[in-house]
Amino acid sequence: VKMPCTSANIYTKVPDGGWGWTVAFAFFVVEALTYGIIKSFGVFFNDLMESFDETNSRISWIISICVFVQTFTAPLSTVLSNRFGHRLVVMAGGLLVSAGMVIASFARSVVDMYVTIGIVSG
509 VKMPCTSANI YTKVPDGGWG WTVAFAFFVV EALTYGIIKS FGVFFNDLME SFDETNSRIS
569 WIISICVFVQ TFTAPLSTVL SNRFGHRLVV MAGGLLVSAG MVIASFARSV VDMYVTIGIV
629 SG
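Using my numbering, you'd call the opening residue of the sequence shown number 509 and step up by one each time.
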(Lines of atoms letter the chains of each structure in order from A and count residues from 1; the text may use other names and numbers.)
(Lines give C-alpha, C1' and ligand atoms only; values in the text may rest on other atoms or scores of the structure.)
Protein backbone atom coordinates (compact mmCIF):
# COMPACT_ATOMS: atom_id res chain seq x y z
CA VAL A 1 0.00 0.00 0.00
CA LYS A 2 1.44 3.33 -1.02
CA MET A 3 1.16 6.21 1.38
CA PRO A 4 0.26 9.57 -0.12
CA CYS A 5 3.07 12.08 -0.08
CA THR A 6 2.47 14.71 2.55
CA SER A 7 3.99 18.14 2.71
CA ALA A 8 6.39 19.09 5.46
CA ASN A 9 5.21 21.26 8.31
CA ILE A 10 6.66 24.71 7.78
CA TYR A 11 6.29 27.04 10.72
CA THR A 12 6.43 30.78 10.24
CA LYS A 13 7.00 31.23 13.96
CA VAL A 14 8.84 28.99 16.38
CA PRO A 15 6.14 26.86 18.10
CA ASP A 16 7.56 27.29 21.59
CA GLY A 17 8.74 30.87 21.19
CA GLY A 18 12.40 29.81 21.15
CA TRP A 19 12.32 28.24 24.62
CA GLY A 20 13.64 24.96 23.19
CA TRP A 21 16.90 26.66 22.20
CA THR A 22 17.26 28.07 25.71
CA VAL A 23 16.81 24.60 27.17
CA ALA A 24 19.29 23.12 24.68
CA PHE A 25 21.89 25.77 25.56
CA ALA A 26 21.36 25.25 29.30
CA PHE A 27 21.75 21.50 28.83
CA PHE A 28 25.00 22.08 26.94
CA VAL A 29 26.37 24.23 29.79
CA VAL A 30 25.41 21.65 32.43
CA GLU A 31 26.99 18.82 30.45
CA ALA A 32 30.13 20.86 29.76
CA LEU A 33 30.53 21.62 33.45
CA THR A 34 29.84 18.14 34.77
CA TYR A 35 31.53 15.93 32.20
CA GLY A 36 33.97 18.57 30.99
CA ILE A 37 35.62 18.52 34.40
CA ILE A 38 36.17 14.79 34.20
CA LYS A 39 37.32 14.69 30.58
CA SER A 40 39.70 17.66 30.81
CA PHE A 41 41.26 16.85 34.17
CA GLY A 42 44.37 15.43 32.53
CA VAL A 43 45.19 18.84 31.09
CA PHE A 44 45.63 20.25 34.60
CA PHE A 45 47.14 17.13 36.16
CA ASN A 46 50.84 18.07 36.01
CA ASP A 47 50.15 21.65 37.05
CA LEU A 48 48.21 20.43 40.08
CA MET A 49 51.06 18.08 41.02
CA GLU A 50 53.51 20.99 40.89
CA SER A 51 51.24 23.53 42.59
CA PHE A 52 50.42 21.31 45.55
CA ASP A 53 53.73 19.42 45.53
CA GLU A 54 51.85 16.12 45.66
CA THR A 55 52.20 12.70 44.08
CA ASN A 56 50.20 11.67 41.05
CA SER A 57 48.18 9.20 43.11
CA ARG A 58 47.03 11.89 45.55
CA ILE A 59 46.09 14.23 42.70
CA SER A 60 44.20 11.38 40.98
CA TRP A 61 41.96 11.09 44.02
CA ILE A 62 40.41 14.47 43.19
CA ILE A 63 38.70 13.22 40.05
CA SER A 64 38.13 9.75 41.52
CA ILE A 65 36.09 11.23 44.35
CA CYS A 66 34.19 13.39 41.84
CA VAL A 67 33.23 10.38 39.71
CA PHE A 68 32.29 8.38 42.82
CA VAL A 69 30.00 11.15 44.10
CA GLN A 70 28.38 11.61 40.66
CA THR A 71 27.74 7.90 40.35
CA PHE A 72 26.39 7.21 43.80
CA THR A 73 24.21 10.32 44.08
CA ALA A 74 22.34 9.44 40.87
CA PRO A 75 19.60 7.53 42.76
CA LEU A 76 19.17 10.52 45.09
CA SER A 77 18.88 12.81 42.06
CA THR A 78 16.18 10.56 40.65
CA VAL A 79 14.18 10.68 43.87
CA LEU A 80 14.55 14.46 44.07
CA SER A 81 13.56 14.85 40.40
CA ASN A 82 10.42 12.79 40.93
CA ARG A 83 9.50 14.86 43.97
CA PHE A 84 10.49 18.40 42.92
CA GLY A 85 10.78 18.20 39.14
CA HIS A 86 13.74 17.95 36.80
CA ARG A 87 14.21 21.69 36.30
CA LEU A 88 14.80 22.48 39.97
CA VAL A 89 17.14 19.52 40.51
CA VAL A 90 19.24 20.31 37.43
CA MET A 91 19.50 23.97 38.43
CA ALA A 92 20.58 22.99 41.94
CA GLY A 93 23.15 20.58 40.50
CA GLY A 94 24.47 23.25 38.16
CA LEU A 95 24.83 25.65 41.07
CA LEU A 96 26.72 23.02 43.08
CA VAL A 97 29.10 22.27 40.22
CA SER A 98 29.70 25.96 39.57
CA ALA A 99 30.19 26.78 43.24
CA GLY A 100 32.56 23.86 43.71
CA MET A 101 34.72 24.94 40.79
CA VAL A 102 34.84 28.59 41.89
CA ILE A 103 35.72 27.62 45.47
CA ALA A 104 38.34 25.17 44.15
CA SER A 105 40.17 28.08 42.56
CA PHE A 106 40.99 29.23 46.11
CA ALA A 107 42.19 25.80 47.30
CA ARG A 108 45.45 25.79 49.23
CA SER A 109 45.86 22.03 49.56
CA VAL A 110 44.91 18.85 47.78
CA VAL A 111 42.44 18.10 50.58
CA ASP A 112 40.63 21.34 49.71
CA MET A 113 40.41 20.04 46.14
CA TYR A 114 39.00 16.73 47.40
CA VAL A 115 36.18 18.63 49.06
CA THR A 116 35.49 21.27 46.41
CA ILE A 117 35.89 19.38 43.14
CA GLY A 118 35.43 15.88 44.53
CA ILE A 119 32.42 16.30 46.77
CA VAL A 120 30.78 19.65 45.98
CA SER A 121 31.20 19.53 42.20
CA GLY A 122 30.68 15.78 42.11
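Each residue gets a CB set at the ideal place from its N, CA and C atoms; glycine is no exception. Being a predicted model, the structure only gives us computed values, none of them experimental.
Cβ-Cβ distance between residue 546 and residue 575 below 8 angstroms = Contact flag set, yes.
Alpha carbon of residue 568 to alpha carbon of residue 583, nearest angstrom | Their backbone Cα atoms lie some 25 angstroms apart in a straight line.
DSSP state of residue 522, grouped into three classes?
-> In this structure, residue 522 counts as coil in the three-state DSSP scheme.
Where does residue 593 land, buried or exposed, given buried means 16+ other C-beta within 10 angstroms?
-> Answer is exposed; the Cβ neighbour count stays below 16.
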